[in-house]
Each structure stands twice: as structure tokens, then as C-alpha cells.
Amino acid sequence: MAIAAPKSYDTSLGELLEGVGKGTHQLPEFQRSWTWDDGRIRNIIASLTQGYPMGALMRLECGGSEVRLKYRAFEGTHGISREPDYLVLDGQQRLTSLYCSLFGKDPVSTSNERGQKLSRFYYLDMRKCLDPEEDREDAIVSISDKRVVTEDIGRKIVLDLTSREREIEELMFPTNLVFDGSERSKWYKEYLKRYGIGSEEDELWDRFEDEILDTMTGYVIPVITLDKTTPREAVCKVFENVNTGGVSLTVFELVTAAFATYDFDLRGSWNKAVRPRICAEGKDIRTDLMQGVDETTFLTSMTLYTTYRAKRAGTKGSTSCKKKDVLALRYEDYVSNLDALLDGFDMARDLLIGECVFRMRDLPYTTQLIPLAATCAYIGRKTFERQPVKAILRRWLWCGIFGEMYGGANETRYANDIEDLVAEIEGKESPMRTVNAAYFQSTRLLGLQTRNSAAYKGVMALVFRENCLDFVDGAPMTMVKSMETPPDIHHIFPRAYCEKTGLERTKWNSIVNKTPLIARTNREIGGRCALEIPPEDHEG
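For the sequence shown, the working numbering begins at 193 and goes up steadily by one.
This is how it looks when you write it as C-alpha cells:
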């Protein structure tokens, strides 16, 4: 079905700001806080007084079944309890700045360019606004909430705007009266009472009202409106495109906002419970092996597991974990499948440690954990512990690593993996597509020069698995040993020796000439050839 095309409306600024104040326009909960400083507020007011364009706004119509997001009112508003008609996706900073400075009666809570907090009222210097020689931004006066500007450590008052009389005396018009017709009329009556009809100041007012105030109140902004039937994936993409300088709307953020409508804090759950469990923070032996599993990785694995279960149960047609599938993840499915998937990540960690992958820096692919954890979640711990099952998983793991098959977008491969692995484990016919597509040539070893390659890390894990011994003290590189004195990968025949003897770099810098060494051993070898280390330097 075709998506309803966005519509663009030229909307008066006053109408938009009134909507902000009444709550017809609100923000998605995931939006970051308002951040504009005093200088940017003065700049946008100056642009408004000149009628300069400030860009389009974008909003999403509420009330649809496709996207349900938790919402919040704009900063500076008070007492809003109604549901919004629209959620502003692009324009939060501009609308908040203009609402607080032009509509709000409270001082504006902002900051200076150094981040120091300020509390400000804003005024239009009437004479400077009408002087073409003046920089318009200089005509926008920012003053503290005391409405007094002083010098000489507060002993000399430079500008006093503490009363309406003082404002009129200084020809300073409050910006928060621009759209308030009633208070604006009262201010003008006091102004006329002070200067009189036909005076020079009265003529100044006429020009000020015509050239400045009418420009501001007559200002219109293009507002792009997304229909309430717009799907989540489209909203996510739109937000990514328009908020390049704002908060990045990840899949996780949008799912968090959707789950918030059930009074469930997905981010809080991730930080306090899910991530600590995945990272095995309660285990006796802790490593950083799983630290690379982020929120999106976890949700992708959850979606893969959920859709596979649904397919097996006959309630869904295909196994898939593409972006649109993650965005469509239901809260009920997340909650019901959470414990099983966390168990799956526990099993995935156990398998990796059993294969001597101990640390995050040694993990060839974090992405390979997506299908591995989902598969383990489906088969369960009892089946996982069977040695024939572990053999199937190990074979698949190493084929994926040495075939270097998980470096890019692999959602289709993830779906193939869980289907193939479960079928193989259940003794059914299985194409085992990752295993059969894997290909590794021995000459590739010379191309493995740095940790950037998954196969490079894989070779080192296999070296650990074969119970490699330290060159000097002969101690085995066990998991505990590697955690106590973390080894690093160093040349067996050191660089200085190889360069001195004229050996070819592509050979001596490859994985063939490298091994795990603890720091002390590496220092003892120095630049010597490994064969030249005297026997007395070895322990045991």
C-alpha cells in the first residue's frame, strides 16, 4: 500500500506558538532537551524581525495505529495535560526558543557560549531596529531576570528596565508582548501617555509597528506534515535526514518511544538489567568480551528470535530482522521472549570462551552474536550442552570467521543461519549456507597484518585454544592468565631483527610471524631473534 505523501502548509508563526502553549503541538519523548544558548536566541529573533527564512518545520499527525510514541510538552510551557494533535520532528530548537522569548512570561533559562546558565528577558531596541546602519542582532537586547544592567561591580546602573515606565523611557519593547495583543495595547497606551500623539516618538512607534512588529506577527513558516498512517520505518528515516545536527534517532530510540506508551522504560531496562546480564557482570570470572553488544545488536537478535519462533508456530510467514522488522517488534513479544534471549547470550558467551575468545578486542565479529544468541535461545540450555550440538555451532562459528562473512549488513544471512542451524541440530535436512559458502586460502595468511581482520583475530584465538605457552616462563595462556596479565600480539621475530636482515615485510609482519606475548616477555626479547634467546632466560 502506498504511503500518504507529506503535505506542506504555510502556517503563521503565531498559530504555531499558540499550539505549543496549548499543547496541540508537542515533542516525541526521545527528543533531546532544548539546548540553544543566548546568542542563538538573539540571532533567531533578529532574523524574525527582518522576515528572513528560518527553514521548514516537520510534524507528524497523531492518532494513527502505525506509530504510537510517548510525548512531552515543550520546555517553557505549563500545565499541559492533553494529548497532542501533532508531534514536532524537526524544529524543536527554533520553536522552543521563539516560544520562550516571544510567548512566555517567565525569564528564559538558557546559557552563554561557555555553557554557564543564564536567566534572560529579551527586548527590541526600537531605535536600533529602525536604523539601517545598525546590525540587527545588536538591536536584540538580552537582559538578566533582574532587568538591570550594571557596571563597576554593580555600583553603576547602565540600563534599568524594572518597570513599564522604564521600558518606555528607554524605548525598549519586550519581545514577550509581540503576540500578546491585549498587553501590547496596554503598553502602547502607556507609551502614548508618556510621549503624546503626534510626537516624534509616536511616529517612531508607527514605523516600529509597521516594519518590525507586523513583520513578526505576519511571519509564516512552511510546515511539512506527515500523515498519521506513515509507517515507523519512514518516520525513523525522515528523522535521521532532518536531524543531522540534533539527536540521532536510532532504531532503539524509536522502539523505546513506542514501548513507553506501555509505561515501559526500554532504555532503563537495557542499562540496569539487560546489558549487565549480557556482559556477565554477576559471573565469577568477568571479561569485557560482550561489551560490544549494543542496544541495536540486541534488538536485532530479539527480532530474529521472535520472527523465527512465530514462523515455527505458523503465525508469521518469514524469519527476518531487517530494520522494518525491528521497528515492528511488539512490546508483548519483547517481554515474553526477553529471558530466553538473555539465556541465549549467556550460551553464546560460553561457546566463545570455550573457543578461547576471551576479550572484546579478540572477538572477530560482534554481529555474529546476533544469530548465535537467537539460535541458542531457541534450542535452550539442555540442547546446547550436548557435544554434537556444540560441534555444529563451532563449525558454523569458525566458517563464518575465516570466510570473513559478517563484515557488512547481513540481515538475510542471520535469518538463514538460525533456520539452518536449528534444522541441523534437529537432524533435519539443512543447506548450512554459511558453512558451505565459506572459503579460505592459505595465502590469505600473508594478508592478515592487523587486528582489523576477523580472520586475524580468529587465528589468535586458535593459537590460544592449542594451549600456547609463553616464550620465557612457559606458562600456558589460559583465560585466567590472559585476564591477570593480558597478553598482546607481537612479532615472534621482532621487527628490528627482520628489517636488519632484509626480510620481506609482507611476510614478517603477517600473522604467520605473530603470537600472544605478555608484556614482560616482549620486553625481554627486545629486538633479538627468538632463536637467540639463551636457555637461561627461560623458566621451566
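For glycine and all other residues, C-beta sits at the position ideal for the given N, C-alpha and C.
When DSSP states are grouped into helix, strand and coil, Leu661 belongs to the strand group. Under DSSP, Lys706 takes part in a beta bridge, and its partners are His683. The beta carbon of Arg657 sits closer than 8 Å to the beta carbons of Glu547, Cys548 from its chain, once the five residues preceding and following it are set aside; these are given in chain order. Rounded to the nearest whole angstrom, the CA to CA distance from Gln308 to Thr227 is 12 Å. When C-beta atoms of the stretch 296-315 are compared with those of the stretch 250-265, fewer than three pairs fall below 8 Å, so the two segments do not count as touching. Contact holds between the stretch 529-539 and the stretch 555-567, because three or more Cβ pairs, one in each stretch, are under 8 Å apart. A straight line joining the alpha-carbon of Pro686 with that of Pro580 spans about 42 Å. A check of alpha carbon separations from Lys199 across Gly296, Leu418, Ala452 identifies Leu418 as the nearest. Remark: C-beta atoms of Asp517 and Thr499 approach each other more closely than 8 Å. Only residues of its own chain outside the window of five on either side were considered, and among them none has a CB closer than 7 Å to the CB of Lys429.
Just measuring C-alpha positions, the residue of Glu603, Glu359, Val627, Val443 sitting nearest Leu613 is Val627. Put simply, of Thr559, Asn463, Glu611 the residue whose alpha carbon is nearest the alpha carbon of Lys503 is Glu611. By the CB criterion at 8 Å, Cys292 and Val300 fall inside the cutoff.
The shortest CA-to-CA distance from Arg260 to any of Asp277, Leu530, Asn608, Trp700 is the one to Asp277. Bounds of any beta strand (DSSP E) do not take in Asp230; it lies within the alpha helix (DSSP H) bounded by 230-241. A contact between stretches requires three or more CB pairs, one per stretch, nearer than 8 Å, and the stretch 483-496 meets this requirement with the stretch 518-525.
Excluding five sequence positions before and after Gly206, the CB atoms of its chain that fall closer than 7 Å to its own CB belong to Phe371, Thr409, given in chain order.
DSSP places Ser293 within a helical segment (H, G or I) once states are collapsed to three.
Contact between the stretch 260-273 and the stretch 215-231 is present, with at least three C-beta pairs closer than 8 Å. Where Ile584 is concerned, there is no enclosing beta strand (DSSP E), although the alpha helix (DSSP H) around it starts and stops at 579-594. Leaving aside the five residues that flank Thr288 on each side, the residues in its chain whose CB is nearer than 6 Å to its CB run, in chain order, Trp226, Phe266, Glu267. Less than 8 Å divides the Cβ of Pro556 from the Cβ of Ala646. Leu249: not part of any alpha helix (DSSP H); member of the beta strand (DSSP E) spanning 249-253, first to last residue. Under DSSP, Thr203 shares a beta bridge with Ile413. Counting other Cβ atoms within 10 Å of its Cβ, Leu661 stays below 16 and is therefore classed as exposed.
Within 10 angstroms of the beta-carbon of Val212 lie 16 or more other beta-carbons, which makes it buried. Residue range 603-617 is occupied by the alpha helix (DSSP H) that includes Ile617. Spatial neighbours of Lys706 in its own chain (CB-CB distance under 7 Å, excluding positions within 5 residues in sequence) are listed in chain order as Ile681, His682, His683, Ile684.
A residue is called buried when at least 16 other Cβ atoms come within 10 angstroms of its Cβ; Lys649 meets this threshold and is buried. In the structure shown, Tyr598 falls within a coil segment according to DSSP collapsed to helix, strand and coil. By the Cβ test, the stretch 592-611 is in contact with the stretch 619-637, since at least three Cβ pairs between them sit closer than 8 Å.
Collapsing the DSSP output to three states places Glu362 in coil. Distance from the CA of Lys582 to the CA of Tyr526, rounded to the nearest whole angstrom, comes to 27 Å. When the beta-carbon positions are compared, Cys321 and Thr241 come within less than 8 Å of each other. Met552 and Asp486 have their C-alpha atoms some 13 Å from each other. The residue from Arg274, Asp330, Phe295, Arg312 with its alpha-carbon nearest to that of Ser239 is Asp330.
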